[in-house]
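Residue numbers for the sequence shown follow the numbering used here, beginning at -19 and rising by one.
We put the CB at the ideal spot given by N, CA and C, even for glycine.
Below is one structure, written out as structure tokens, with a few remarks after it.
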Amino acid sequence: MLINAHLSNLLNLTPVRNPTDIVGLRNLYDRAETQIRSLESLGVKGGSYSNLLTPILLKQIPSELALEFNHSQRDEGFDLSALLRFLHLEFRSRERASQINNQTMSLFPSTARQNKK
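Below, the structure is given as structure tokens:
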């Protein structure tokens, strides 16, 4: 019963359509990771559902990111742990870039306003 609930939660994750939606990407990753860890704690190994879940998760992320992930995999097939690593790296990189942009705008507010025009 618990296993089915965790699998159902994975299948019903909220999709993220905008690649700049950093909060959405982080939430998708965090929720997927939580459910997968819960399954592992119940003795369900990732290999038993990885090939099924990976394409489902790929449909939940922006198509640009799915394409990038598929390019990075070459012909290695669907690997859930590789997808999770990719998503983690992606949203962390976007968070850092956003922080840098925000710091730049606060350091040089007049220049930032001029560049926006």
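Cutoff 7 Å; reference residue i; Cβ partners in own chain excluding five residues on either side
i      : result
I16    : G26
L(-10) : A12, Q15 and L33
Q40    : L(-7), P(-5), V(-4) and L8
S52    : F66
S21    : none
Best match in the options for proximity to residue i [C-alpha to C-alpha]
i      : options                    : result
M(-19) : S43, N(-2) and V24         : V24
N7     : Q79, I80 and L67           : L67
P42    : S21, A(-15), H(-14) and T0 : T0
Under the three-state DSSP convention, the category residue i falls into
i     : result
R54   : coil
N(-8) : coil
I41   : coil
R76   : helix
R65   : helix
Where the alpha helix (DSSP H) through residue i begins and ends
i   : result
Y9  : I2 to S21
S30 : S30 to L38
Cutoff 8 Å; reference residue i; Cβ partners in own chain excluding five residues on either side
i   : result
G57 : N31
L64 : Y9, A12, E13 and I16
Cβ neighbours of residue i in the same chain (closer than 6 Å, five flanking residues each side left out)
i   : result
R74 : I2
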